[in-house]
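Structure, as structure tokens:
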Amino acid sequence: MLKKTSHFIREANFIGGAWVEADSGATISVNNPANGQLIGTVPKSGRVETRRAIQAAEEAFHSWKRTSADHRAKLLRRLHDVIMDNQDALAELLTLEQGKPLAEAKGEVGMSAAYVLWYAEEGRRVYGDIVPSPWADRRILVTKEPVGVIGAITPWNFPSSMLARKLGPALAAGCTAVAKPASQTPFSGLAWGVLVEEAGFPEGVVNIVTGSASEIGDELTENHLVRKITFTGSTEIGKLLMQKASSTVKKVSMELGGNAPFLVFDDADVDRAVEGAMIAKYRNAGQTCVCTNRFFVQEKIYDRFVEKLVDATQKLNVGPGLEEGVHQGPLIDDGAVRKVEELIADATSKGGTIATGGKRHALGGTFFEPTVITGANPQMRIMEEEIFGPVSPIFKFREEEEAVELANATSFGLACYFYTNDLGRAFRVMEGLKYGLVGVNEGIITTVEAPFGGLKESGLGKEGGRQGIEDYLDTKYVCIGGLGL
Ligand code: ADP
């Protein structure tokens, strides 16, 4: 382990600028998914510690909201630099607890820094309006103000960048935060405490609490001091949090599950489609909400696409993420492996054929073989359920309309991808797909400059782009009268 990596392993909550244990002293163990070894423990906190963190954030908010956008931008730029100066150590920590290949972890940490830098810039462009007044002696101002304390709950698949997308805009807007990282990967979340300390943020502006998801979640959603909840995770928990947040009428933004379709038309460049398919499917071992869940391939090129995809899939090198040349690490835990096994068994019992992979990897633990299933059909559970694993089910279709209809036949609406060289078709299909993110002849499209977010049950609100800061702002209308004009 790099010396700097251990510097980032903090086995304590970060509240009001201090590193503190849970009141009860209880802890949660964090294990490396590649070998099951204990990395360390983090506090098992509940409502009391969360309330304290909210209080610290509220106290910090009074002065933080009065700082200039320029001052906050300078601190955020410093935070960006601190992240990049420690990119290797943060990436190693991420791989240790999450499992993804080191190169992917480095990319994620780079994205975190990029989000922070983007919002350092966007925070200086939070413009209001002066509206033409219907009254001669009054003027109308529309101003934007930070919402206040925000609660951020993040998942284990991108434990660094999912927090960056929330903390970046929140801090730039002048909000303070209480964050709860996922219990499987809390160290990459707690590392933000070290980073904001080193960048020089005032105490209490960022607070991080680990522990019981339901207790921390209940306090964050029910405490009236928290004015916004931002969540990335499953649709099931997102719905629960929306319900709970309604008790205090908070703003909510939700980045929830996906069920990405990947359409390949007869006129597509098959090699390019396979290249895009590999990254859209197997990145992070298939454990991203924008990972392809269903491939739909037009009949004339079906066999060619399958052959090339199987070939590329068989070349993937599975192993511990810290080893050189590894493309796919372990799945996060045994539950994830069992879910993948269940979905494969369901698909084969309904007529699917395993073209490659299909079972646990010889390496043991939670390693799984990269898998391709041909002959997929809408009766299979994968038609609606998120696989969150390295499995490519391939459906065959005849007509464009049929493919778009199948692609939309889901309650989700996050990412979708399609490949065609026909310009008219590109527009027809792009406009027909009910998804918040569309990749046309591209399999990986996330970038800090663009608004990321789902439609339907995939969520509410956007992260990234100029849109990503809006959810952290309140709009205020001010009427100035009696001007005697
Ligand atoms: P996943 O299936 O990816 O683990 P979850 O939605 O279960 O997705 O988890 C995402 C985040 O939500 C994690 O930080 C998790 O601890 C948290 N979480 C899970 N259950 C709750 C809950 N009842 N209240 C608040 N947060 C929760």
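This note's numbering puts the first residue of the sequence shown at 374, with every later residue one more than the last. No residue lacks a Cβ here, since even glycine has one placed at the ideal position from N, Cα and C. As the structure is a computational prediction, the values presented were derived from the model and not from experiment.
{"Item": "Buried/exposed call for valine 515, threshold 16 Cβ in 10 Å", "Value": "exposed"}
{"Item": "Arginine 790 versus Gly841, Phe635, Ala780, Gln671, residue with shortest Cα-Cα distance", "Value": "First, the residue type needs correcting, since residue 790 is tyrosine and not arginine in the sequence shown. Considering only alpha carbons, the answer is Phe635."}
{"Item": "Own chain partners of alanine 395 with C-beta closer than 8 Å, once the 5 adjacent residues on each side are dropped", "Value": "Asn386, Pro416, Lys417, Ser418, Gly419, Glu422, Gly584"}
{"Item": "Same chain only: Cβ atoms within 8 Å of aspartate 642, ignoring 5 sequence neighbours per side", "Value": "Tyr792, Asn794, Asn814"}
{"Item": "Check: lysine 473 C-beta below 7 Å from any heavy atom of ligand 1", "Value": "no"}
{"Item": "Alanine 407 versus aspartate 639: straight-line alpha-carbon distance, rounded", "Value": "40 Å"}
{"Item": "Residue(s) in a DSSP beta bridge with glutamate 628", "Value": "Thr605, Gly832"}
{"Item": "Closest residue to alanine 545 among Ile382, Ile610, Gly521, Gly805 (Cα-Cα distance)", "Value": "Gly521"}
{"Item": "The region 795 to 813 contacting the region 773 to 787, beta-carbon criterion three pairs below 8 Å", "Value": "yes"}
{"Item": "Those runs of the beta strand (DSSP E) which lie wholly inside the region 539 to 578 and span at least 3 residues", "Value": "549 to 553"}
{"Item": "DSSP state of asparagine 814 mapped onto helix, strand, coil", "Value": "coil"}
{"Item": "Endpoints, beta strand (DSSP E) assigned at valine 403", "Value": "400 to 404"}
{"Item": "DSSP three-state assignment for tyrosine 808, whether helix, strand or coil", "Value": "coil"}
{"Item": "Simplified DSSP assignment, three categories, for phenylalanine 434", "Value": "helix"}
{"Item": "Proximity test, alanine 555 beta-carbon vs ligand 1 heavy atom, cut-off 7 Å", "Value": "yes"}
{"Item": "Three-state secondary structure assigned by DSSP to isoleucine 589", "Value": "helix"}
{"Item": "Start-to-end residues for the alpha helix (DSSP H) that takes in leucine 466", "Value": "460 to 471"}
{"Item": "Residues sharing a beta bridge with asparagine 690, DSSP", "Value": "Its beta-bridge partners do not exist; DSSP assigns none."}
{"Item": "Where tyrosine 792 falls: helix, strand or coil (DSSP)", "Value": "strand"}
{"Item": "Meets three-Cβ-pair contact criterion under 8 Å: the region 603 to 610 and the region 619 to 634", "Value": "yes"}
{"Item": "Opposing strand residues paired with isoleucine 853 [DSSP bridges]", "Value": "Arg512"}
{"Item": "Alpha carbon of glycine 496 to alpha carbon of arginine 839, nearest angstrom", "Value": "9 Å"}
{"Item": "Residue burial classification, asparagine 690 (beta-carbon count within 10 angstroms, cutoff 16)", "Value": "exposed"}
{"Item": "Span of the beta strand (DSSP E) around isoleucine 523", "Value": "522 to 526"}
{"Item": "DSSP beta-bridge partners of aspartate 701", "Value": "Here the sequence assigns glutamine to residue 701, which means aspartate is not the residue at that position. Paired residues: Val691."}
{"Item": "DSSP bridge partner residues for asparagine 386 (one or two, in chain order)", "Value": "Val393"}
{"Item": "Glutamate 648 versus glycine 816: straight-line alpha-carbon distance, rounded", "Value": "8 Å"}
{"Item": "7 Å CB neighbourhood of proline 528 in its chain, flanking five on each side removed", "Value": "Met535, Ala555, Thr605, Gly606"}
{"Item": "Distance cut-off 7 Å: glutamate 469 Cβ against heavy atoms of ligand 1", "Value": "With the sequence shown as reference, residue 469 is identified as leucine, and glutamate is not the correct amino acid for it. Checking the Cβ of leucine 469 against ligand 1 gives no."}
{"Item": "Cβ-based neighbour list, alanine 493, same chain, cut-off 6 Å, excluding 5 preceding and 5 following", "Value": "Ala446, Leu449, Arg450"}
{"Item": "Per DSSP, cross-strand counterpart(s) of glutamate 778", "Value": "The partner list for glutamate 778 (beta bridge, DSSP) is empty, contrary to what the question assumes."}
{"Item": "Cutoff 7 Å; reference serine 402; Cβ partners in own chain excluding five residues on either side", "Value": "Leu411, Thr414"}
{"Item": "N-terminal and C-terminal residue of the alpha helix (DSSP H) that serine 379 is part of", "Value": "376 to 381"}
{"Item": "DSSP state of threonine 594 mapped onto helix, strand, coil", "Value": "helix"}
{"Item": "Coarse secondary structure for serine 534, derived from DSSP in three states", "Value": "helix"}
{"Item": "Proximity test, serine 402 beta-carbon vs ligand 1 heavy atom, cut-off 7 Å", "Value": "no"}
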